[in-house]
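Position 109 (the sequence shown) corresponds to 108 in numbering that gives the first Met the number 0; numbering is contiguous. Each residue gets a CB set at the ideal place from its N, CA and C atoms; glycine is no exception. Notes follow once the structure below has been shown.
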Amino acid sequence: MTDDADLSRRLTAAVRAVDGVTGVYAAQPVLEAAAVAIVERLRLEAPGMLVDVDRADGSVRVAVHVATAADRPAADVIRAVGERVRDLVAAEPDGDGTVLVHVTGRLVEGAVAAGPS
Numbered sequence: 000m001t002d003d004a005d006l007s008r009r010l011t012a013a014v015r016a017v018d019g020v021t022g023v024y025a026a027q028p029v030l031e032a033a034a035v036a037i038v039e040r041l042r043l044e045a046p047g048m049l050v051d052v053d054r055a056d057g058s059v060r061v062a063v064h065v066a067t068a069a070d071r072p073a074a075d076v077i078r079a080v081g082e083r084v085r086d087l088v089a090a091e092p093d094g095d096g097t098v099l100v101h102v103t104g105r106l107v108e109g110a111v112a113a114g115p116s
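Written out as C-alpha cells, the structure is:
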C-alpha cells in the first residue's frame with residue numbers, strides 16, 4: 000500500500016505543474032489543517048501535503064483546492080487537475096479501486112477585463 004503522506008506530496012507537486020494552476024491550498028478544514036501543521040512542525044518536517052487523500056471501503060477519495068490563472072478558463076484548469084490526479088492515483092500499485100476526485104477552485108489570480116457596464 001502506498002503511504003498516503005507520500006502520495007499527497009507527489010499529488011501536490013503534480014497539481015502545481017498543471018498549466019493554469021497558480022497555487023494549491025490545504026484541502027482539509029482549517030482547524031484540521033492547523034493541527035496537522037503543528038504536528039508536522041513539531042517533527043521538523045515540511046508538510047507539503049496540501050492534497051487530502053482518504054482511503055475507505057476499497058476507494059480512494061482525493062480533495063484538492065487550487066488557485067487558477069485568469070488567462071485560462073478555470074473550468075479547464077480544474078478539469079485538468081482532476082484528470083491528472085485520477086491518472087496518478089490509478090497508476091499506483093494499489094490504485095485499482097474506485098478513485099473519487101474533488102477539485103475546488105478557490106481563487107482566480109491575475110487581471111480580469113471589466114465586463115460591460
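Under the rule that 16 or more other beta-carbon atoms within 10 Å means buried, what is residue i, buried or exposed?
i, result
"leucine 43", "A caution first: leucine 43 carries a pLDDT of 46, below 50, which makes its placement in the model unreliable, though a value can still be read off. Classification of leucine 43: exposed, given that the 10 Å Cβ count is below 16."
"threonine 103", "exposed"
"arginine 105", "exposed"
"alanine 90", "exposed"
"alanine 74", "exposed"
Leaving out the 5 sequence neighbours to the left and right, which residues in its chain are closer than 6 Å to residue i when beta-carbon positions are compared?
i, result
"serine 7", "Met48, Val50 and Val52"
"aspartate 3", "Val52"
Under 7 Å Cβ to Cβ from residue i, same chain only, skipping five residues before and after it: list those, please.
i, result
"aspartate 70", "Gly109"
"valine 80", "Val14, Val17, Val20, Val63, Val65 and Val102"
"alanine 26", "Leu49, Val50, Asp51, Ala62, Val63 and His64"
Below 9 Å between beta carbons: does that hold for residue i and residue j?
i, j, result
"valine 63", "valine 88", "no"
"valine 76", "glycine 19", "yes"
"valine 65", "valine 23", "yes"
"valine 107", "alanine 68", "yes"
"glycine 57", "glycine 96", "yes"
With a threshold of 8 Å on Cβ separation, who are the neighbours of residue i within its own chain once the five nearest residues in sequence on each side are excluded?
i, result
"alanine 13", "Arg83, Val84 and Leu87"
The alpha helix (DSSP H) with residue i in it runs from where to where?
i, result
"valine 14", "3–15"
"glycine 81", "73–89"
Span of the beta strand (DSSP E) holding residue i?
i, result
"valine 20", "20–24"
"valine 59", "58–68"
"glutamate 108", "97–108"
"valine 52", "51–55"
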